[in-house]
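K.L.:
Residue 4 is where the sequence shown starts when you use this note's numbering, and the numbers rise one by one after that.
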Amino acid sequence: MPILELVAPRFKDDPAVIAEAQAVLLPNFRVKLEEVGVRNGMGGFFETENGRDIRAENRKLVVLEYASVEMFQTLFTSDEFREFAIALSTKYCGSPPAPKLYDIAAEDNLSALFDAGTVLEHLEIAPRDALSTDTDGVLDALLAKLRGSLEKFGATKAVAGKSINLDNKEIALVAVYRDDEAFEAAKASAARQELLAEISHAADVTSLISHVERELPLAKHQLDNHVPESHNLHTNPAQSVVS
4 MPILELVAPR FKDDPAVIAE AQAVLLPNFR VKLEEVGVRN GMGGFFETEN GRDIRAENRK
64 LVVLEYASVE MFQTLFTSDE FREFAIALST KYCGSPPAPK LYDIAAEDNL SALFDAGTVL
124 EHLEIAPRDA LSTDTDGVLD ALLAKLRGSL EKFGATKAVA GKSINLDNKE IALVAVYRDD
184 EAFEAAKASA ARQELLAEIS HAADVTSLIS HVERELPLAK HQLDNHVPES HNLHTNPAQS
244 VVS
């Protein structure tokens, strides 16, 4: 079963540190990801959370596709990953980021997500009563509702899956839109708004937005040695914000 990994390291508030991570640490680790068979990857800095500007938090979303959870475990327990995690948490971030894994149905064609556009919407959906004895039942019902209504988001491609490695289980919905204009048009849809309102009756929904670029496979990725202007969170305060 395809596995979606979402991880969001929070970089130190230092443009030089972010630039070095973008130019040196992350490109080197992408090579390892491809060697172990990671199918696809993309990333971008979060810009808004529930409409609030969070660019100054320096949180980068990394989205990866694995063929199986066993493939993730092979990477996660490797010496190369331990070295990467130590460098990331000590030099570039205040603490090691926690990966979140979600199972995605094979028929949902997870790979198509990575060529779908430049605006990514990540919805974290968690039951309000985390101590409920029927959390799985609530999540399964919500997931079935979402998977049967993905077209209402108006995205180029959207997938939804339930977490498999978290104590407090949740659903992730990841939708990718062609560009800002397409995302704004999708947000105005009455069908989308009604669906989100219905989901919000049973769960807490957190919306995180970022602009993303494809980073794996390496053959499709042009490595940069600088932080793109749209990701430089300190030098362009007049930059528009997608909410």
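For every residue, glycine included, the Cβ atom is placed at its ideal position computed from N, Cα and C.
Taking the CB atoms as reference points, tell me whether R217 and M45 lie closer together than 7 Å.
P.N.:
Contact flag set, yes.
K.L.:
Opposite L166 in the DSSP bridges: which residues?
P.N.:
According to the sequence shown, residue 166 is Ser rather than Leu. DSSP output for S166 lists Y105 as bridge partner(s).
K.L.:
Please state the DSSP three-state secondary structure of T51.
P.N.:
Of the three classes helix, strand and coil, the one that applies to T51 here is strand, per DSSP.
K.L.:
Alpha carbons only, please: which of N53, E68, R55 and K35 is nearest the one belonging to S81?
P.N.:
Nearest C-alpha to S81: K35.
K.L.:
For the beta strand (DSSP E) containing K30, name the first residue and the last one.
P.N.:
According to the sequence shown, residue 30 is Pro rather than Lys. Segment L29 to E38 is the alpha helix (DSSP H) holding P30; no beta strand (DSSP E) there.
K.L.:
In chain order, which continuous runs of the beta strand (DSSP E) of length 3 or greater are located wholly inside the region 130 to 206?
P.N.:
With a minimum length of 3 residues, the continuous beta strand (DSSP E) runs that stay inside the region 130 to 206 are 160 to 166 and 174 to 180.
K.L.:
Quick check on R42: does DSSP put it in helix, strand or coil?
P.N.:
It is coil, neither helix nor strand.
K.L.:
Closest to I93 by C-alpha separation, out of F79, H204, L28 and A119, would be which residue?
P.N.:
The amino acid at residue 93 is misidentified as Ile; the sequence shows Thr. For T93, the nearest C-alpha among the options comes from L28.
K.L.:
What does the alpha-carbon distance come out to for the pair R55 and L9?
P.N.:
Distance between the alpha carbons of R55 and L9 is about 21 Å.
K.L.:
For K63, which three-state DSSP category applies?
P.N.:
It is a strand residue.
K.L.:
May I have the straight-line CA-CA distance separating R181 from P220, to the nearest angstrom?
P.N.:
The alpha-carbon atoms of R181 and P220 are separated by roughly 20 Å.
K.L.:
When DSSP builds the beta bridges, which residues end up paired with S98?
P.N.:
For S98, which the question treats as bridged, DSSP gives no partner whatsoever.
K.L.:
Out of I21, K160 and F75, point me to the one whose CA is closest to G97's CA.
P.N.:
Residue I21 is the option with its Cα nearest to G97.
K.L.:
A158 and A178 look like a contact to me (Cβ under 8 Å); what is the Cβ gap, rounded to whole Å?
P.N.:
Their Cβ separation, rounded to whole angstroms, is 4 Å, which keeps A158 and A178 in contact under 8 Å.
K.L.:
Whole angstroms is fine: what's the gap from H237's alpha carbon to K15's?
P.N.:
Note on H237: pLDDT 37, under 50, position unreliable in the model; the coordinate value appears next. Between H237 and K15, the C-alpha separation is close to 12 Å.
K.L.:
Going along the chain, which residues of its own chain have a beta-carbon closer than 8 Å to the beta-carbon of V215, five neighbours each way excluded?
P.N.:
The residues are M45, G46, G47, L64, V66, T121, V122, L123 and V179.
K.L.:
Could you please give the first and the last residue of the uninterrupted beta strand (DSSP E) stretch that includes L7?
P.N.:
Taken as a continuous stretch (DSSP letters only), the beta strand (DSSP E) holding L7 covers I6 to V10.
K.L.:
Quick one: Cα of L153 to Cα of D111, how far?
P.N.:
About 10 Å.
K.L.:
In the DSSP output, which residue or residues are listed as bridge partners for I128?
P.N.:
Answer is I174 and V208.
K.L.:
Assess, as a yes-or-no matter, whether the region 198 to 208 is touched by the region 99 to 107 under the definition of 3 or more beta carbon pairs within less than 8 Å.
P.N.:
Taking 8 Å as the limit for Cβ pairs, the verdict is that the region 198 to 208 does not touch the region 99 to 107.
K.L.:
Which residues mark the beginning and the end of the beta strand (DSSP E) in which L219 is found?
P.N.:
Start and end: E216 to L219.
K.L.:
Do you know whose CA, among I89, E173, M74 and A185, lies nearest T209's CA?
P.N.:
Nearest of I89, E173, M74 and A185 to T209, Cα basis: E173.
K.L.:
In this structure, does DSSP put S213 in helix, strand or coil?
P.N.:
Strand.
K.L.:
Suppose the cutoff is 7 Å on Cβ atoms and the five residues either side in sequence are ignored; what does the same chain contact list for F75 look like?
P.N.:
The residues are I6, E8, Y69 and L104.
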